[in-house]
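Colleague: This is the structure I have questions about; it appears just below.
Numbering (this note's numbering), first residue to last: 1 to 317.
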C-alpha cells in the first residue's frame, strides 16, 4: 500500500479529500491518498480504483466525513443540511436519472431560451452540472439551464459548501440561513426520470429506483443561487428539497424529494404570487399511488457508472 500527499493538510477551510481502502467487512484498511486538491485526488482515485475495487473517495471537514463514494456499490454519504443538528447519513435525494432530451424538456416546461446541450444522465450525482428550470422575472419567461448540484449561498467564502448542501429539509428550509433567501427569491424545478434510494439489507444497502407509475417526468422542488468568485466568475448551483416519505417509499427510506405537480409549477417558480404559507403547503409528499419502486444493481453506487442498465430491475431475493 502506498501513500500520497498531494498538498498541505492545513487548508484554509479545513476541507480535505481522502482515498481509503476497505477490508472485506467494509472497514477502513488504510489511506491510499489524501490532500486538498480535488482534481488531483479524484484523478488518483480513478487510477487506483482500476486495481483496488474497495477504494473509496471521501470529502472531510475537520475529520468529519461529509461525502463518500463507495466503489463497492454502497451509496454516497453526506449531510442533508448545513447548520446545527446536521446529520451525517445516507444522502436523500443523492442520486437520480434524467434522460429526457433538451427539446422535450423545453416543450414540457415551456422554456424559451436557446436550447442547451443536455446529456442523458442515468446516475446524476452531486457537483455535476444538471438541467434546471427557472423563471426570469425580467422577461417573464422560463429558462432551461445547467446548474451545479450542491447549493453555494451568495455569502459563502468558499464554494466547497455546495458539496454538503445537495438537499434542504422542507420542514426547516424557511428557517435556515443557507436556504431562506433562495426560498423567497430563487426557486426552481429539477426534472427527473427516476431517483435512487438505498434500503438496509443484511448488513449492506440495496439500491432501488423510484419513478412515476405511468412513466414520464417528475419535477423536484429546488432552490438555486449565484455565487460570485473573487475573479468575477459566477457559479450557479441548486439544491433539492426533501420531505417525509410517502407509503410507497417509506419501506426504503424515511425521506423523499418534494415532487411538484404541473398545476403548481407557476406558483413554485414565482410566476404566480404566493405567501410563505402557500409555499410551505407545497412541501409535502406526493400521493402514495404516484410512484413505483423496483430493485436495481449495486453499480449505481459508483459515480463512475452512468449507463441505461442502471435502471434495469433485478429479481427479488
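For every residue, glycine included, the Cβ atom is placed at its ideal position computed from N, Cα and C.
Quick check on the DSSP output: the beta strand (DSSP E) that includes residue 180 runs from which residue to which?
Modeller: Note, residue 180: premise wrong, no beta strand (DSSP E); alpha helix (DSSP H) at 177-185.
Colleague: Is the separation between the beta-carbon of residue 93 and that of residue 256 shorter than 9 Å?
Modeller: Yes, these two residues count as a Cβ contact at 9 Å.
Colleague: Residues in the same chain with beta-carbon distance under 6 Å from residue 96, minus the five sequence neighbours each way, listed in chain order, please.
Modeller: The answer, listed in chain order, is 124, 192, 195.
Colleague: Give the DSSP-derived three-state secondary structure of residue 171 in the structure shown.
Modeller: DSSP places residue 171 in coil when its eight states are reduced to three.
Colleague: Can you tell me where the beta strand (DSSP E) holding residue 332 begins and where it ends?
Modeller: No statement about residue 332 is possible, as the shown extent of the chain runs from 1 to 317 and does not include it.
Colleague: Given residue 242, which residues of its chain have a CB within under 8 Å of its CB, disregarding the five upstream and five downstream residues?
Modeller: Around residue 242: 80, 92, 93, 167, 168, 169, 170, 255, 256, 257, 258.
Colleague: In the DSSP output, what is residue 234 paired with across the bridge?
Modeller: Paired residue(s): 228.
Colleague: In this structure, how does DSSP classify residue 78 when only helix, strand and coil are distinguished?
Modeller: Low confidence applies to residue 78: its pLDDT is 41, below 50, so where it sits in the model is not reliable, and the reading given next is rough at best. Residue 78 falls in the strand class under three-state DSSP.
Colleague: Short of 7 Å in beta carbon distance, which residues of its chain neighbour residue 82, apart from the five on each side in sequence? Order them along the chain.
Modeller: In this prediction, residue 82 has a pLDDT of 35, which is less than 50 and means its spatial position is unreliable; what the coordinates show is noted afterwards. Hits under 7 Å: 161, 164, 165, 178.
Colleague: In chain order, what residues of the same chain have a beta carbon less than 7 Å from the beta carbon of residue 315, not counting five sequence neighbours either side?
Modeller: None.
Colleague: Let's see if you can read the secondary structure: which residues bound the alpha helix (DSSP H) around residue 278?
Modeller: First-last of the alpha helix (DSSP H) with residue 278: 276-282.
Colleague: Classify residue 234 as buried or exposed, calling it buried when 16 or more other Cβ atoms lie within 10 Å of its own Cβ.
Modeller: Residue 234 comes out exposed.
Colleague: If you drop the 5 nearest sequence neighbours on each side, which residues of the same chain put their C-beta closer than 8 Å to that of residue 222?
Modeller: Within the same chain, residue 222 has close Cβ partners 132, 187, 188, 189, 190, 238, 239, 240, 241.
Colleague: In angstroms with no decimal places, state the Cα-to-Cα distance between residue 269 and residue 307.
Modeller: Those two C-alpha atoms are separated by around 31 Å.
Colleague: Distance check for residue 33 and residue 56, CA to CA, integer angstroms please.
Modeller: Using only the alpha carbons, I get a separation of about 10 Å.
Colleague: Which whole-angstrom value describes the C-beta separation of residue 111 and residue 142, a residue pair presumed to lie in contact below a C-beta threshold of 8 Å?
Modeller: With a Cβ gap of about 5 Å, residue 111 and residue 142 count as contacting.
Colleague: How many angstroms separate the CA atom of residue 2 from the CA atom of residue 302?
Modeller: Residue placement at residue 2 cannot be trusted, given a pLDDT of 36 that sits under 50; what the coordinates show is reported in the next sentence. If I take the Cα positions, the gap works out to 23 Å.
Colleague: Who are the near neighbours of residue 159 in its chain, counting only those whose CB is closer than 7 Å to its CB and skipping five residues on each side?
Modeller: Hits under 7 Å: 152, 227, 235.
Colleague: Considering residue 404, what are the terminal residues of the beta strand (DSSP E) in which it resides?
Modeller: Because residue 404 is not part of the residues shown, which for the chain are 1 to 317, the question remains open.
Colleague: So residue 225 and residue 182 are supposed to be a Cβ contact under 8 Å. How far apart are they, rounded?
Modeller: That pair is a contact at about 5 Å.
Colleague: If you drop the 5 nearest sequence neighbours on each side, which residues of the same chain put their C-beta closer than 8 Å to that of residue 289?
Modeller: Taken in chain order, the residues that qualify are 213, 248.
Colleague: By the DSSP assignment, the beta strand (DSSP E) with residue 149 in it spans what residues?
Modeller: Its beta strand (DSSP E) spans residues 141-149.
Colleague: Use the C-beta contact count for residue 114: other C-beta atoms within 10 angstroms, 16 or more gives buried, fewer gives exposed.
Modeller: It counts as exposed.
Colleague: I think residue 149 touches residue 126, with their Cβ atoms under 8 Å apart; what is that distance to the nearest whole Å?
Modeller: With 8 Å as the limit, residue 149 and residue 126 qualify as a contact, their Cβ atoms being about 5 Å apart.
Colleague: In this structure, does DSSP put residue 294 in helix, strand or coil?
Modeller: Three-state result, residue 294: strand.
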